[in-house]
Structures are given as structure tokens and as C-alpha cells.
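Peer 1:
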Amino acid sequence: MEAPVKKNDYYDVLFEDLTHDGAGVAKINGFPLFVPNALPGEKGTVKVVKVKKGYGYGRLMKLSETSPDRADAPCPIYKQCGGCQLQHVSYDGQLRHKQKIVKETLARIGKVDVEKVTVHPTIGMSDPWNYRNKAQVPIGEREGALIAGFYQQRTHEIIDMERCLIQQTENDRIVREVKAILNRYHIRAYNEQTHQGWLRHIVVRYGYQTKQAMLVFVTRTADFPHKKKILAEITAKFPNIRSIVQNINPKRTNVIFGEETKLLSGLEYIYDYIGSIKFAISARSFYQVNPEQTKVLYEKVLEYAELTGEETVIDAYCGIGTISLFLAQKAKKVYGVEIVPDAIEDAKRNAKLNGIENVEFAVGQAEEIMPKWHAQGIRADVIVVDPPRKGCDHSLLQTIIAMKPKKVVYVSCNPATLARDIAILEQGGYETKEVQPVDMFPHTAHVECVSRLVLKND
Ligand code: SAH
């Protein structure tokens, strides 16, 4: 069938829906057009920019009717950057949208009966700005001076940025000042095309509770021009920077970090707290980027786990052991498994740091380690999973079903794979009771959920 629209033509449309990545959807004779920056209920004129088999993309040219959920995006570089997708939606509208996406995805992909399963309203932030505790900024040059900012959408051109509205203000301040110091020493940026130059990225991590900061220079080569003077200026200006490290990435790649990390000043890690638990965070370990909402998320995990102190818990995909240690306070024993060896080193160090002894950590693929635990006779009352976007490995789900924990708490950053995995667990004898979306990434299209599943009486 031929598409009922033509590239470069204009159409007056009514937007009916919003996709999971924040684009408006209009239908022309049933043919869906995806249009950024448009909201359900709005009417406007679009120009078709791309036609594919079965769908197309449009650009919003004019709005004739606007939605009550429309907001003015406060960020002046919102459209150029692409890091946020929902700043043109009121915060309340964003939270409702995320709940709806979860519901629809569970029903469509997981065939979950959303009449029976409660998908709660999304828990948002009271002040949904300045939340990110980690800034990773690419470095470039303009007219001989360093610029630090972001890649313009769909390009590799770096745009200079002084302020990101979802970033901790302190992180932005550090990047701005460090950039000024480096410019005084005529430091050169890495150039992707020529694979020459030196500084590739500046990464800043910030301890939300401790106010300690870490500064990471990602460089192409292991040298460091004017090292002493530069470090002295930085530490004089920022006494809260407790750790300065250099990571060397000599490869032609988009991946930020290289293999080698050197300590330049202070300690190799900074500390932060989630609730009353203290964590050491090193340059490369995974740590949730929204500390305020992380606490909300983990408290929900704890609530859904319903621990009395007698339970054995498995925390699969445990990272640096954050959820494991959070749950260990209320459980008899917690086992954590994670694929990255450094993260498990951190997890063990974090357990010690807090004097928590009822945890055991293993390095490896969760889908390989868990069957071993099962064979050793370890019985879990609760299994928590928090996989990356691609969801749980199929065999891991089969192991959960074989281990028959009374409860499964599934933490997910991708509703589509959550829905797929829930369907498998339901076939294996579990019933989904409730799903709680938590807004970990305000103004972006990302949705995080905690789900509570229980074993049906057999
Ligand atoms: N629960 C942690 C980390 C969640 S992120 C927290 O809240 O901080 C997901 C983690 O899964 C990452 O640390 C990643 O390294 C790990 N991972 C990815 N694939 C894995 C696998 N097959 N087995 C075990 N861990 C895995």
C-alpha cells in the first residue's frame, strides 16, 4: 500500500498520542506520523520529513490548538541538545504520561490485565530540577579555546554549555571553572577527526549528602601538561573536590572511558549516603544518577520485599551493592550478583564500611551464578532483579521460577522488557500485584518501575 503522505508536504493534523520517547502521534488516513514537540489533544500543521514503510516523521510547523499540559521549556538549548525530551510538558503531565506508558506497555507486550494489576501514579520529585549527580561533558575547541558541553542532536558537533538545568549546580560550576583554568594553560582538546589533541571528556560526580565531588579528566595520552599548577589551582578553588583522577582512553571510539585510571589528588573515591548507608563511589562504578529518587526507589523495593528479618534475599544485577545493603538491614541474609568485577569490589568495600556482615557478593552473570546457588541448596524467600535495559536473561527467569521465592521484586528501567519478563514469570506461577513508576529522570522520556510479584498458591 502506498503511504497516504508525501515528503515535504504540509498537513493539518490532530495529535492523538505521545510515544514512549516523547514524540506526538498524528494519523493521516490511519498512517501514523511521529512529530517531536507535539502533545495529545493539540492541533497543528506538520511538514512530513521522512516516509517509511507503515509510518513517517514530521516537523511541527504551527500549533493551532494547545494542550493544557503544555509548558514553556525553561532551557534555552532544549531543542538543540536532545538530552531532555519532555520539557514542553508540565511536570504533572509528564508523571501522568509515564504512568500511562507503563500501563499500555504492560497490557500490549506483557498481556497483563491492567484492570487487576494496580499501576500506581508515578512518584515525582517536589523540585524536579538540578538532580543529576554526574556530569559527563565532551570537550572541544572553538577559536583556540576549550569548550565543554554536549553533542548537538544527531551530530558530533560540540556546543558549549554553561548550565544544564537537570544537573547539580555544583557540577556545572566545577566544569565552568575547570574549563577556565585549563584555558589559561592553553590545554588542547581531543579532536575526533584527526585523533590528535589531549582532553576528551571532563566527568564530575557529586555526593548529594556529603557534598564531596570527584573530577575525572579523560585524556588520549597518559601525560598531563602543567599538572602541578593546574591541580593546585583546582584544589585551592574547590576544597570539596576530594578526588581527582585521570582516565586514559587512547582509542578511536565513542566510549567515554579507557581501561587505565590514575589517581592525581586525594582519594580514589568519594562518599555518599543513601538513607543511612554510606557508599564509596569510584570513577567508573555504576551509581544511580538521581540520589533523591534513588532513596524513594529503594524504599519501595524494601516495602515490596516485606522483610521481617528472617528472609534470605537474592539481589541480581546488584552493581556496587546498593540495594543489597539497603535490604540487608532488614533481612537474615542477602546474596548479590553482578557481572562487573570492580563493582563487586566496591560492594564488598561498602559492606565493610557499614559493618554489614550478612551479605555475600559474587562476580559473574546472574544467569550462571544463580543456578549454582540453587544447586548448593540456597533457598531465597525474595528475589530482587534490577537488570539493564535489555531485561533479564530468559534462563535467569527460568531459574527464578525453579527456585520458587515467595516474592519477586522487579526494578526496571525499560517497561517493554519488564512487560516481556513479567509475562514469563506469570506463566511460571507468579502473579503481578502492583507496579510503581518512580520518576528517576524528570524531563526525559525515561521511566523506572518497581513491580511486586507473588507466587500463587500451588
Ligand atoms: N542495582 C544496582 C545496579 C543496577 S544497573 C543499582 O541500583 O545501583 C544493572 C547492573 O547489572 C549493572 O551494574 C550491570 O553491570 C549489571 N549486569 C548487566 N548484565 C548482567 C548479568 N548478565 N549478570 C549480572 N549483572 C549484570
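Numbered by the numbering used here, the letters in the sequence shown go through residues 1 to 458 in order.
Built from N, CA and C at the ideal position, the CB exists for glycine as well.
How far does the beta strand (DSSP E) with K332 in it extend, from its first residue to its last?
Peer 2: Premise fails: K332 is in no beta strand (DSSP E) and is neither H nor E.
Peer 1: Quick one: what does DSSP say L39 is sitting in, helix, strand or coil?
Peer 2: The answer is coil: DSSP assigns L39 none of H, G, I, E or B.
Peer 1: Going by beta-carbon coordinates alone, are V334 and N358 separated by less than 8 Å?
Peer 2: For V334 and N358, yes; Cβs fall inside 8 Å.
Peer 1: Cβ atoms of A283 and N240: under 8 Å apart, would you say?
Peer 2: In this structure, A283 does not lie closer than 8 Å to N240 by Cβ.
Peer 1: Does the beta-carbon of P74, which I'm using as the reference point, lie nearer than 7 Å to any heavy atom of the ligand SAH?
Peer 2: Result no, Cβ not under 7 Å from the ligand SAH.
Peer 1: Leaving aside the five residues before and after T105 along the sequence, list all residues of the same chain whose C-beta is less than 6 Å from its C-beta, in chain order.
Peer 2: P415, A416, A419, listed in sequence order.
Peer 1: Are the beta-carbon atoms belonging to I320 and S285 less than 8 Å from one another?
Peer 2: It is a contact, given that the beta carbons lie within the stated cut-off.
Peer 1: Whole angstroms is fine: what's the gap from T261's alpha carbon to V245's?
Peer 2: If I take the Cα positions, the gap works out to 7 Å.
Peer 1: Sort out for me which residues DSSP pairs H97 with in a bridge.
Peer 2: Looking at the DSSP assignment, H97 forms no beta bridge with any residue, so it has no partner.
Peer 1: Just to check, is the beta-carbon of P388 closer than 7 Å to a non-hydrogen atom of the ligand SAH?
Peer 2: Yes - the ligand SAH has a heavy atom lying nearer than 7 Å to the Cβ of P388.
Peer 1: Below 7 Å CB to CB, which residues in the same chain sit around I187 once its five sequence neighbours on both sides are set aside?
Peer 2: The answer, listed in chain order, is L146, W198, L199, P225.
Peer 1: Along the chain, where does the beta strand (DSSP E) that runs through S276 open and close?
Peer 2: Taken as a continuous stretch (DSSP letters only), S276 belongs to no beta strand (DSSP E), as it is neither H nor E.
Peer 1: Is any non-hydrogen atom of the ligand SAH found closer than 7 Å to the C-beta of C449, if you look at the structure I gave you?
Peer 2: Incorrect: C449 has no Cβ contact closer than 7 Å to the ligand SAH.
Peer 1: The ligand ATP and Y287: does any heavy atom of the ligand fall closer than 7 Å to the residue's C-beta?
Peer 2: With respect to the ligand ATP, the structure offers nothing, as its ligand set consists of the ligand SAH.
Peer 1: Tell me which residue opens and which closes the beta strand (DSSP E) that E434 is part of.
Peer 2: Per DSSP, E434 belongs to the beta strand (DSSP E) from 430 to 438.
Peer 1: Taking C-beta to C-beta, are H97 and A73 nearer than 8 Å?
Peer 2: Against a cut-off of 8 Å, the Cβ pair of A73 and H97 comes out as no contact.
Peer 1: Consider the C-beta atom of D393 and the heavy atoms of the ligand SAH; say whether any pair is separated by less than 7 Å.
Peer 2: At least one heavy atom of the ligand SAH is nearer than 7 Å to the Cβ of D393, so yes.
Peer 1: Is the segment 49 to 57 in contact with the segment 20 to 39, if contact means three or more CB pairs nearer than 8 Å?
Peer 2: Yes, the segment 49 to 57 is in contact with the segment 20 to 39.
Peer 1: Based on the DSSP output, what are the partners of L18 in its beta bridges?
Peer 2: G24.
Peer 1: Sort H156, R452, A423 by Cα distance to N254 and report the nearest one.
Peer 2: The residue with the shortest Cα to Cα distance from N254 is H156.
Peer 1: G110 by DSSP, collapsed to three states: which one?
Peer 2: Correct three-state label for G110: helix.
Peer 1: At what residue ranges does the segment 205 to 240 contain a whole run of the beta strand (DSSP E), taking only runs of 3 or more?
Peer 2: For the segment 205 to 240, whole beta strand (DSSP E) runs of length 3 or above, ordered along the chain, are 213 to 219.
Peer 1: Between K352 and P437, what straight-line distance do the alpha-carbon atoms span, to the nearest angstrom?
Peer 2: Straight-line Cα distance between these residues: approximately 32 Å.
Peer 1: Determine the DSSP secondary structure at V289, reduced to helix, strand or coil.
Peer 2: Here V289 sits in coil by DSSP.
Peer 1: According to DSSP, simplified to helix, strand and coil, what is C392?
Peer 2: Three-state DSSP puts C392 in coil, outside helix and strand.
Peer 1: Whole angstroms is fine: what's the gap from S90's alpha carbon to Q209's?
Peer 2: Between S90 and Q209, the C-alpha separation is close to 28 Å.
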